[in-house]
Every structure is written in C-alpha cells, then in structure tokens.
Amino acid sequence: MARPQRPEPLEPWVEPAAEAGDVAAMKQLGQYLYETGSEGNAPAEKWLLAAAEAGDAEAMYSLTWVHHDRAVNADPHGKAHDHAAASWCRRAAQAGWIPAIRSMPAYAPDQDEREFWLRKAVETGDPWAPSTLAGVLDETGRPSEAEHWYRRAANEPGHEGLSALDSLGDFLLRHGRPEEAAECWKQLAEAGEPAGAWHRAYVLETLGRPEEAATWRQRGDALRAAKLAQELDFPEG
Numbered sequence: 012m013a014r015p016q017r018p019e020p021l022e023p024w025v026e027p028a029a030e031a032g033d034v035a036a037m038k039q040l041g042q043y044l045y046e047t048g049s050e051g052n053a054p055a056e057k058w059l060l061a062a063a064e065a066g067d068a069e070a071m072y073s074l075t076w077v078h079h080d081r082a083v084n085a086d087p088h089g090k091a092h093d094h095a096a097a098s099w100c101r102r103a104a105q106a107g108w109i110p111a112i113r114s115m116p117a118y119a120p121d122q123d124e125r126e127f128w129l130r131k132a133v134e135t136g137d138p139w140a141p142s143t144l145a146g147v148l149d150e151t152g153r154p155s156e157a158e159h160w161y162r163r164a165a166n167e168p169g170h171e172g173l174s175a176l177d178s179l180g181d182f183l184l185r186h187g188r189p190e191e192a193a194e195c196w197k198q199l200a201e202a203g204e205p206a207g208a209w210h211r212a213y214v215l216e217t218l219g220r221p222e223e224a225a226t227w228r229q230r231g232d233a234l235r236a237a238k239l240a241q242e243l244d245f246p247e248g
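Residue 12 is where the sequence shown starts when you use my numbering, and the numbers rise one by one after that.
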C-alpha cells in the first residue's frame, strides 16, 4: 500500500466517530494518518490496531505495511517488525482479505505454507499466482503439476501470460524437451518479445540447426530495435 502524495482530505466526521468507537472510522483515520505520514506511524498504528482488534481485516493488512515500513527503515533491519508484518498479514489473509492472501506467499516461512497461500491466491484470480505456484511445485519435485500450472498461467492475457510462457519454455528445456521449449519461445517472439526469438535461436543452435538459429537471432535483434524505437518515440528507419 503506497502512500499517495496527495491523499484526499479527511472528512470532519471521521475523527469524532473514531473516538466514539466506530470501527470503520477508526480504520479510515488510521489509514489516513499512515498515508500522510503524520508524526511517523505511531498515531496510525493506534487507530489501525483498534480497528484490527475489532476484527477489521483491512486494518489488519494495513498494520502489515506499518510494520513493513519500520522493518525497512530500522538500522539494523528490524527483524521483529518483519515478524509483526507477517503476523498481521496472516491474520488478514485468514480473515479473507484478498490483498493479504496475495501477499502471504512472500511472508510464508516454508514452502508448504507458501504453496497453501499461492493456491488461495489462485482462487482469488491473482494473475501471477499460477506461475509462482508452478515454480514452487517444480522446486519440490512435482513437475507434472508444475507444467499444468505453467500452461494455465501462459493463458493469462498481457504481460503475466507472456512471462509465464517464457517460464514454461525454460521449464521444458530443463526437463529435456527442447522442441517444445522452442515452440513456446516462438509464440513469445510472435507476440513481439525479442527474448523469445533469442531463446529459440539458442535451442535451435543446440539442436544442430544453425541457419534457423541465425534467422531467429536476427529476428530477436529486429524486435529489440523496434521496441527501443517505440520506447524512444523515434520512428523506425
């Protein structure tokens, strides 16, 4: 949860309502104080903690970031705040707060819990979770399951799907299936990604097809030049 540079002004009723014990107002006041950085995070924590202890899952997740900030800013790094951030994130995730569910894999202390939360994140529709889950399954010796999730992730639209397609190619190559890997990277190249063409060229070279490899290497170079021209808003040619 990044702090906006210009947060919306707080409605005048919020603070009195928070003082009166309104949970939604306590959360709103705490988040406002966090976003504005007013007097550090202590005032924000007071109200977020009150809302969290009243059972508000979003407030629990906001406390994750209060402690995350303290951990990052501590010198030396605040390990105790890392643990507090993980604890609040877990509580928010257990309460069903979707952003917390999607964040929990980063806080999970072992692969079993990481896998558990990644599967939960998949259920929420997180577009990155299937590919990350595939990586965990591959690392723990379950390649068939990993391939299923890589292929599912590769069907995601946009950057998420292209990234998963690249990961699927790498997975297939590592598991001795270079032709299938090359096909993944062909699809990536056809989507305009130069890395796909370069990786396909590498596989073709190892398969003893240097002329095809050279063609794809040149195609990768051309795609990279086109991307640079687009980024610089400079017309090709």
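By construction, the Cβ of each residue, glycine as well, lies at the ideal position given by its N, Cα and C atoms.
In whole angstroms, what is the alpha-carbon distance linking residue i and residue j?
i: Ala97; j: Ala164; result: 27 Å
i: Gln241; j: Trp24; result: 49 Å
i: Gly89; j: Ala119; result: 17 Å
i: Lys57; j: Ile112; result: 24 Å
i: Val133; j: Thr143; result: 10 Å
i: Val83; j: Ala91; result: 11 Å
i: Lys131; j: Ala145; result: 14 Å
i: Pro87; j: Pro141; result: 35 Å
i: Leu218; j: Leu179; result: 19 Å
i: Pro15; j: Ser114; result: For Pro15, the predicted structure reports a pLDDT of 44, less than 50, and the residue's modelled location is therefore unreliable. A value from the coordinates is still provided. Approximately 20 Å between the Cα atoms of the pair.
i: Pro168; j: Gly207; result: 17 Å
i: Ala61; j: Tyr72; result: 13 Å
i: Ala65; j: Asp244; result: 52 Å
Quick check on DSSP: helix, strand or coil for residue i?
i: Glu191; result: helix
i: Pro27; result: helix
i: Asn166; result: coil
i: Asn52; result: coil
i: Glu19; result: coil
i: Thr151; result: coil
i: Pro141; result: helix
i: Asp86; result: coil
i: Ala65; result: coil
i: Gly146; result: helix
i: Gly41; result: helix
i: Thr47; result: helix
I'd like the list of long-range same chain contacts for residue i, defined as Cβ closer than 7 Å, with 5 residues on each side in sequence excluded.
i: Ala55; result: Gly41, Leu44, Tyr45 and Val77
i: Ala28; result: Ala36
i: Leu176; result: Ala165, Cys195, Gln198 and Leu199
For residue i, I'd like the list of residues in its chain whose CB is within less than 6 Å of its CB, leaving aside the five on either flank, ordered along the chain.
i: Gln39; result: Val25
With a cut-off of 8 Å, does the C-beta of residue i fall near any C-beta of chain C?
i: Ala85; result: Going by chain labels, chain C is absent from the structure shown, which holds only one protein chain.
Could you tell me which uninterrupted alpha helix (DSSP H) segments, each at least 4 residues in length, are contained entirely in the region 169-243, listed from first to last along the chain?
Counting only runs of at least 4 residues, the region 169-243 fully encloses the following alpha helix (DSSP H) elements, listed from N- to C-terminal order: 169-185, 189-201, 205-217 and 221-242.
Within the region 75-123, note down every full alpha helix (DSSP H) run reaching 4 residues or more, in order along the chain.
As far as the region 75-123 is concerned, its whole alpha helix (DSSP H) runs of at least 4 residues are 90-105 and 109-118.
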